[in-house]
Amino acid sequence: MTAAPAFRMPDPLLQVRGLTHRYGPHIGCRDVSFDLYPGEVLGIVGESGSGKTTLLKCVSGQMEPTEGSVEYETRDAGLIDLFRMSEARRRLLMRTDWGIVYQNPRDGLRMRVSAGANVGERLMAIGDRHYGHIRSEAVDWLERVEMDIGRIDDMPHTFSGGMQQRLQIARNLVTKPRLVFMDEPTSGLDVSVQARLLDLVRGLVRTLGIACVIVTHDLGVVRLLSHRLMVMKGGNVVESGLTDQVLDDPQHPYTQLLVSSILPV
Amino acid sequence: MTQFDDTVMLHAQGLSKHFVLHNQGGVKIDVFEKVEFTARQGECVILAGPSGSGKSTLLRSLYANYKPQAGSIYVRHGEAWVDLCAARPFQIMEVRRDTLGYVSQFLRVIPRVATLDLVSEPLIGQGLTEEAARKRAETILARLRIPEALWSLPPSTFSGGEQQRVNIAMTFVQDYPILLLDEPTASLDKDNRETVIALINEAKGRGAAIIGIFHDAEVRAAVGTRSYDVTEARQAA
Amino acid sequence: MADVIDHPSRTAAAETRAATGYNFAYLDEQTKRMIRRAILKGVAVPGYQVPFGSREMPLPYGWGTGGIQVTAAVIGPDDTLKVIDQGADDTTNAVNIRSFFAKTAGVATTEKTVEASVIQTRHRIPETPLSEDQILVYQVPIPEPLRWLEPRETETRKMHALEEYGAMHVSLYEDIAKYGRITKSYNYPVKVNGRYVMSPSPIPKFDNPKMDRMPALQLFGAGREKRIYAVPPYTRVKSLDFEDHPFTIETWDQCCALCGAGDSYLDEVVTDDKGGKMYVCSDSDYCEQRREAGHVGDGGDPAYAARNQIPAGDAPAGDEPAGDEPAGDKQ
């Protein structure tokens, strides 16, 4: 390989370095570093209390870490540390370039306004003042998440859990974000509903090229959706790598235990 | 790795693999050590050795599905060389997308996705239009004798032979420069075996480097250029 | 404290007219200074809600305690006060507040818009255009326009600070989705000076355009919620809307039954037990001024106007004994 050119990497979308978060004396997560590339899906697995949700909150700008940096590749000004930019800018980022899908749809939806308004809100937030356009975008996105258009004016609480999650996804994707965070998006749903939702997410992530960070305790979810995996235990990342490599050839005792604990179907 | 000639597609060196079963008292299972191995354009290297000698483990390591403890796997990826043992996951994903095809022993598919979509998806990922991808998928499925009635169904309910053929279609729908084949003909009847042999030879013909495990002596004879005995590496160690 | 003693509100003239036992205009001078500071801040940042230490007043919340405190802080002995409630000067609330200030400040009061220097209002802006030397004081029940959407005060303040107003349009969107048009008819949100979204208090949206570039100073007081905000003279006030569903005001098929006005906000008045009703000006002073000037309505009988071919909205004077109608019962 005499003069072979080096492999060119794209610029990472998200750069996390030495991220530590403490709750008083208690450690939430410790010294986590990773890069996330455009279109890449990163799964974070671990049992409850492993620090995965703390990590997600820190890297998604919802909580400032005790130490470390989270840099995001902004469209206009390159990599900027989330917690050094103004709050106005961070919040703008969160409702345009990012999406956050919560475990509980109540945290991610406005329960007192219709499905259509839930989807349209982000458009109105970035200055869309044309009702007809907002409406047609809402229709389009409800269709893309396979919801019944006839229910566009219904309140979220009249929908099933799976439909609420779909609505949450549509609400987030309407501004064509480049990065979406998902916190246990399928837990609390029936298995069959879960499966359909996973198919939907997988399809959207593939066709739209969205980068994704998914926190879950379900190895099946990451096997299906994520390219890359981080295994957390007690606030530390104990193993990370290609999803199939980590699941098929786990190195760390805890990952081996986790993988061997899956009940065969 | 500085003097590879233009025909080298994949080169493994100093490759060692063992498993440590932490939850079973830390048992260590040695598989192979210091494997040195080259695959060139247009050849089909057959991994030889008795069952349990680590052929599949080596093949999976070459796909970066298993993680070797030491060594390097250099892969010619377009104009560049990538060491799969040192590459970042993102790079490995790209190498797998464009360069490295792998047919596993068992079909591991995404549940609930239609066969035709499964086969055409990787092409769309490479930038083909949906229609063009679909056409190519249909061609390969037809060639592997998957009844058209099954194309719209997910393969999880198919017979073992059908599943294996879908598995082959998913890889051969693309012209990968390097192919890793783990018993691709194991559960196939004669006609389909012939088809797979033809596919492999066509791939050789267009210059692909192929590394495979084949139990069937007939298939070995039909596709093999040379063989590499996996037990050598262990004996040498 | 010298400035307190020297303040014009402590002049001997006022002392003589006001009831004894109270400070001028009821509130103590310290409180008034605090309120004035809030007002000044509000004027400096149009539409921004300034917190203030709202005091206990001798009437319950919801009866205009915020407006009264603002009025008490700005009124001087030479001012003339007008108080309106639902547009009328003769409703219980209006009468009481007027007499409250007549008693505690000894100021002159009036029912005529043009004579007043300070106008305290609930639910209406007078039809007669206001001038630079007037102050309009609004009584505000819920000052936060974002409250329906976001219950957390910390969050709404942040939304204002960062100009995150997209959610305001959500309620307008909901109206159009459900009814085909924006149905919100009062307390219709506005954007002030291109910056802060503000609740105009529960005035009909009919009055919203009057706020835009109004020559008079507009002050808003919310007693229970402890907020003061302001729109300085000649400030832009724009009602929120969509490009394809622009803001419009209410219109009526009728004119005022008493004065024939076709340009004023009309109240529906039930006239008997058999479903009889008529429409009259909500602004009682405006209606009276017009009648004094000789304008007459159709007395609630459109057929009359049609029969006599009176141009709708301005019947000739003297043809109809409109004054006998129970125009006072508009509450």
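Residue numbers (the working numbering), protein chains in the order written: chain Z, 160 to 424; chain P, 458 to 694; chain A, 23 to 353.
Built from N, CA and C at the ideal position, the CB exists for glycine as well.
- Who pairs with residue 473 (chain P) in a beta bridge, going by DSSP? P:527
**OP:** Could you confirm whether any beta carbon from chain Z is found closer than 8 Å to the beta carbon of residue 264 (chain A)?
**Re:** yes
Once the 5 residues before and after residue 232 (chain A) are set aside, which same chain residues still bring their CB inside 7 Å of it? 147
| query | When you compare only the Cα positions, how much space is there between residue 74 (chain A) and residue 56 (chain A)? | reply | 7 Å
Can we say the stretch 230-246 of chain A touches the stretch 258-272 of chain A, given the rule of at least three CB pairs closer than 8 Å? yes
For residue 61 (chain A) and residue 252 (chain A), which I take to be in contact (beta-carbon distance under 8 Å), what is that distance rounded to the nearest angstrom?
6 Å
Exposed or buried, what is residue 480 (chain P) when buried is set at 16 or more other beta-carbons lying within 10 Å of its beta-carbon?
exposed
- Message: So, does the stretch 197-204 of chain A touch the stretch 149-169 of chain A, judging by three or more C-beta pairs under 8 Å?
- Response: no
* Could you tell me whether the stretch 255-262 of chain Z touches the stretch 181-196 of chain A, using the rule of 3 or more Cβ pairs below 8 Å? => no
Whether residue 467 (chain Z) touches residue 246 (chain Z) by CB criterion (8 Å)
Because chain Z in this structure spans residues 160 to 424, residue 467 (chain Z) falls outside the shown range and cannot be described.
Distance between residue 136 (chain A) and residue 88 (chain A) (C-alpha atoms, nearest Å):
24 Å
Within chain P, partners of residue 425 (chain Z) - CB distance below 9 Å: No statement about residue 425 (chain Z) is possible, as the shown extent of chain Z runs from 160 to 424 and does not include it.
| query | If you follow the beta strand (DSSP E) that residue 602 (chain P) is part of, which residue opens it and which one closes it? | reply | It is not in any beta strand (DSSP E) - residue 602 (chain P) carries neither H nor E in the DSSP assignment.
Checklist entry - Would you say residue 276 (chain Z) faces chain A, with C-beta separation under 8 Å as the test? => result yes
inquiry  = Which runs of the beta strand (DSSP E) at least 3 residues long sit entirely within the stretch 292-344 of chain Z? Give them in chain order.
reply    = 338-342
query: Along chain A, which residues have their Cβ under 8 Å away from the Cβ of residue 239 (chain Z)?
result: Per Cβ cutoff of 8 Å: no residues; residue 239 (chain Z) is ~17 Å from chain A at best.
Terminal residues of the continuous alpha helix (DSSP H) containing residue 309 (chain A)? 306-314
* Looking at chain Z, which residues of the stretch 181-201 of chain A have a Cβ within less than 7 Å of any of its Cβ atoms? -> 184, 186, 188, 189, 191, 192, 195, 196, 198, 199, 200
Contact list for residue 291 (chain Z) against chain A, beta-carbon separation under 8 Å
266
Q) Would a check of beta-carbon distances place residue 521 (chain P) closer than 8 Å to chain Z? A) yes
Residue 272 (chain Z) touches chain A at which residues, Cβ-Cβ below 7 Å?
-> 192, 196
Is the beta carbon of residue 466 (chain P) sitting closer than 8 Å to the one on residue 666 (chain P)?
yes
request  = Quick one: list the residues of chain P neighbouring residue 387 (chain Z), beta-carbon separation under 7 Å, in chain order.
outcome  = 546
* Where do the N-terminal and C-terminal ends of the alpha helix (DSSP H) with residue 363 (chain Z) fall, by residue? -> 350-367
inquiry  = Which same chain residues end up closer than 7 Å to residue 32 (chain A) when comparing Cβ atoms and leaving out the 5 residues on each side of it in sequence?
reply    = A caution first: residue 32 (chain A) carries a pLDDT of 46, below 50, which makes its placement in the model too unreliable to give a value.
So residue 354 (chain Z) contacts chain P; which residues on that side make the cut at Cβ distance below 7 Å? 568, 569
Inset, instruction - Assuming residue 93 (chain A) and residue 140 (chain A) form a contact by the criterion Cβ under 8 Å, report the distance between their Cβ atoms to the nearest whole angstrom. - result: 6 Å
Hey, would you say residue 378 (chain Z) sits closer than 8 Å to residue 204 (chain Z), going by beta carbons?
yes
* Near-chain P residues of the stretch 384-416 of chain Z - C-beta to any C-beta below 7 Å -> 386, 387, 400, 401, 403, 404, 407, 408, 410, 412, 415, 416
Margin query: Please classify residue 413 (chain Z) as buried or exposed, where buried requires at least 16 neighbouring CB atoms within 10 angstroms.
Written below: buried
Exercise. Looking at residue 171 (chain A) and residue 211 (chain A), is the spacing between their C-beta atoms short of 8 Å?
Worked result: no
Mark residue 331 (chain A) as exposed unless 16 or more other C-beta atoms lie within 10 angstroms of its C-beta, in which case mark it buried. Note that residue 331 (chain A) has pLDDT 49, beneath the 50 cutoff, so the model's placement of it is unreliable and no number is given.
Can you grab the Cα-Cα spacing for the pair residue 572 (chain P) / residue 605 (chain P), in whole Å? 10 Å
Can residue 529 (chain P) and residue 544 (chain P) be called in contact, C-beta distance under 8 Å?
no
**Request:** Give me whichever residues DSSP pairs with residue 123 (chain A) in a beta bridge.
**Result:** Bridge partners of residue 123 (chain A): none, in fact.
Requested in this report: Throw me the rounded Cβ distance for the residue 218 (chain Z) and residue 372 (chain Z) pair, which I believe falls under 8 Å.
Outcome: 7 Å
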